[in-house]
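This report concerns only the one structure given below.
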Amino acid sequence: MIQAKTDNQKKKTPDASQRLREKKRLNALFEISEKIISSLDLKIVLNRIMNLAMETLDANTGSLMLLSEKNGRLQIKASVGLKPEVTKSTSIKVGERIAGWVAQHHKPLLLLDGLKQHPDFSHLGGKKHIKSALSVPLKINKKLIGVLNINQSYDSIHPAYTDDDLELLTTLANQATIAIHNARLHFQIKEQNLKLKRNSQLKTEFISNISHELRSPLSAIRGHTANILDGLMGGLTREQQTSLQKIEHLCHRQNNLVNQLLDISRIASGGIKTKRTSLILGTIINNALPVAKPLADKKKIIIDFNLPKKIPPIWGNQEQLERVFINLLDNAVKYTPESGNINIRVRRQKNYLLNLVTDTGIGIPKTSLKKIFNEFYRVDTDLNCQVSGTGLGLALVKHIIEAHHGKIWVKSRESKGTTFFFTLPLDPRIISDKKTRTTNLPRSPRLYESEADR
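Just so you know, we're using my numbering here: the sequence shown kicks off at 2 and counts up by one.
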C-alpha cells in the first residue's frame with residue numbers, strides 16, 4: 002500500500018525541474034574539469050571558462066578579469082555579451098566597483114535586482130536591466146589572480162540566482178584558477194625556453210666568429226715561426242731557438258683551443274652532419290688509450306679496461322667518440338695522483354651502453370659538479386693552477402654525447418675520486434633483431450699499465 006506523503010515530506014522532496022537542474026550542474030562540473038584542463042593555451046582556457054560558466058548558470062552576459070602584474074588593475078581577458086569597446090577599455094582598480102570589491106575582500110558576491118539591495122554599490126547607480134549577478138574571486142594559494150562575473154537580465158526565463166548558484170560558480174572558479182595557473186606556467190616556460198635557445202644561438206655565433214678571427218693570425222704566426230726555426234732567415238742562437246720553440250708551442254695550444262671552440266659551436270648548432278656507423282666500443286677505447294699513456298706511465302697510473310665478453314656494437318661517429326674517451330682519460334690522468342688507478346667499465350642497459358670512467362683522483366667539490374660541463378669552467382683548486390687546460394674538454398664531451406642522443410653525468414667525492422657516466426646508443430639493427438646479435442670481445446685487463454709494473 003502506498004502511503005501519502007505529509008506536507009513537510011513533500012516540501013523536502015525536490016521536484017523534477019530541480020532534480021534536472023542539479024543533474025545538469027553535476028554534469029557541468031565534470032565537463033568543466035575535463036575541458037578546462039585539456040588545454041595549456043591561456044586564451045583558449047579563459048574562453049572555455051567563460052563559456053562554460055555562462056552555459057552552466059544560464060547567464061546573459063559575463064566577463065573574466067585578470068589582475069595585471071604591471072599596474073595592479075583588473076582587465077577583461079574574456080567576455081560574452083559585452084561590446085568590444087567595453088572589453089578593451091575596462092580597467093578597474095582593486096577596491097573600486099563590484100569586481101574591485103570582490104578582489105579587495107576575496108569574497109564571492111550575489112547581487113539581486115540591480116544594485117539597490119547592496120548599500121556598498123548604491124553610489125554606482127541602479128542597473129535596472131540586471132535581475133541577478135554573481136561575482137567570485139579567482140585565487141591560487143590565497144593569492145588573487147582575477148575575478149569572474151556573470152549577469153542575468155530580466156529577459157531571462159530562468160529564476161534569479163541563489164546562494165546555491167554562488168557556491169556552484171565558486172567551485173567552478175576554483176577549478177578554473179588551477180587551469181589558468183597551469184596555462185600561465187606553460188607560457189612562462191615556453192618563453193624562457195625560447196629566450197634560452199636564442200641566447201644559446203647568440204653564444205654559438207659569437208664563439209664561431211671569434212674562433213675564425215683568431216685562426217688567421219695564429220696560422221700566420223705559426224708559419225713565420227716555422228720558417229725562422231728552419232733557418233730560412235739565417236742562423237739562430239740557442240736562446241733565440243728556445244724562445245721560438247716556446248712561441249711555436251703556445252701557438253699550438255692556442256690553435257687547439259680555437260679548434261675546440263669551433264667544434265663546440267658546430268656541434269651545438271648542428272653544423273656538423275655526423276656520419277654514423279656500427280662501431281665496436283673496444284676499438285674506440287683502444288684507439289683513445291695511447292693518448293693518455295705517456296702521462297699515465299710517468300705518474301705510474303694503471304688504466305684498467307674490462308669489457309664484458311659479449312657486447313653489442315654501438316651506433317655513432319668513431320672520430321668523435323674517440324675524442325670523448327681521450328678527453329675523459331686525459332682529465333682522469335691529470336687529476337689522479339701518482340700510483341693511482343683509472344677504470345673503464347661498460348654495462349648494457351636496454352638500447353644503450355652505459356660507460357663508466359672512474360679515477361682515484363682529487364675529486365670535484367659539490368659546488369662545482371653542476372658547472373663542470375660549462376664552457377671555460379675550471380674547478381678552483383691549487384692543482385688547477387699547475388695543470389694546463391682550457392675548460393672546454395668536458396663541454397665538448399657533453400655536446401658530442403648529446404649529439405649521439407646520449408646523456409652524461411658525474412659523481413664525485415673530494416680526495417676519493419670521480420666517476421663519469423655516459424650512455425651511447427646501440428646499433429639500431431641490433432635492437433630490431435629479436436635474436437640480439439653480439440660481438441665477442443676478449444677481456445683486456447689492465448691494458449696500458451705503467452711501464453714500471455710490466
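Glycine included, every Cβ here is placed at the ideal spot set by N, Cα and C.
query	result
DSSP-derived helix/strand/coil call for Gly63	strand
Inter-residue Cα distance where the pair is Ala180 and Val358	46 Å
For Ile285, the nearest candidate out of Phe326, Met234 and Ile158 (CA to CA)	Phe326
For Asp164, three-class secondary structure by DSSP	helix
Cβ pair Asp305, Ile363 closer than 8 Å	no
Inter-residue spacing [alpha-carbon to alpha-carbon] between Leu53 and Val398	53 Å
Residue interval of the alpha helix (DSSP H) (run including Ser90)	Pro85 to Ser90
Ile281 to Tyr353 span [Cα, whole Å]	13 Å
Trp410 classed as buried or exposed, judged by whether at least 16 other C-beta atoms fall within 10 angstroms	exposed
Local Cβ density within 10 Å of Thr163, reported as buried at 16 or more and exposed below that	exposed
Cβ-based burial, Ser413 [other Cβ within 10 Å; buried from 16]	buried
Rounded C-alpha distance that separates Ala297 from Gly283	20 Å
Cβ-based neighbour list, Asp360, same chain, cut-off 6 Å, excluding 5 preceding and 5 following	Ala333, Thr337, Ile343, Gly418 and Thr419
Residues bridged to Val81 (per DSSP)	Gly63
Residues near Ala5 in its chain [Cβ-Cβ closer than 7 Å; skip 5 each side]	Residue placement at Ala5 cannot be trusted, given a pLDDT of 37 that sits under 50; what the coordinates show is reported in the next sentence. Counting only Cβ-Cβ distances below 7 Å, and skipping sequence neighbours, we find nothing.
Proximity to Lys89 [Cα-Cα], best of Leu145, Ile77 and Arg98	Ile77
Separation of Leu330 from Asn375, as counted between CA atoms	18 Å
Within-8 Å CB hit, Ala404 to chain C	Looking for chain C here will not work: only one protein chain is present.
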